[in-house]
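A.B. asks: So that we are looking at the same thing, I have put the structure below in structure tokens.
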Amino acid sequence: MTEYGNYVNGEWTESGEGETFGVVNPADNTEVVAQFQNSTTADVETAIEDAVNT
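Here you go:
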């Protein structure tokens, strides 16, 4: 299974809390096909700040 990070300032990172959530295959709801970062408001604010300052 693939785990995706947040792409911020040219780097793949984990969320600030390190939590993820699974995405389920709609054809087989027992199969988790990927994990994504459960980003917080602080993660988004950091990404915006980095984008503005780049």
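First residue of the sequence shown: 1, per UniProt numbering; consecutive thereafter. Glycine included, C-beta positions come from ideal geometry on N, C-alpha and C.
Measure the C-alpha to C-alpha separation of tyrosine 4 and glycine 16 and round it to an integer number of angstroms.
C.D. replies: What you label residue 4 is simply residue 4 of the sequence shown in a count that begins at 1. What you label residue 16 is simply residue 16 of the sequence shown in a count that begins at 1. Distance between the alpha carbons of tyrosine 4 and glycine 16: 14 Å.
A.B. asks: Among the candidates Gly22, Ala47 and Val24, whose CA atom is the shortest distance from the CA of threonine 13?
C.D. replies: Mapped onto the sequence shown, residue 13 falls at position 13. Considering only alpha carbons, the answer is Ala47.
A.B. asks: Check for me: the alpha helix (DSSP H) holding threonine 46 runs from which residue to which?
C.D. replies: The residue given as residue 46 occupies position 46 in the sequence shown. From DSSP, the alpha helix (DSSP H) with threonine 46 extends over 41 to 52.
A.B. asks: So which of Val8, Val52, Thr41 and Thr20 has the shortest CA-CA distance to glutamine 35?
C.D. replies: If you number the sequence shown from 1, residue 35 lands on position 35. Nearest option by C-alpha distance: Thr20.
A.B. asks: Throw me the rounded Cβ distance for the asparagine 6 and serine 39 pair, which I believe falls under 8 Å.
C.D. replies: Position 6 of the sequence shown holds residue 6. Position 39 of the sequence shown holds residue 39. About 6 Å separates the two Cβ atoms, so the contact holds.
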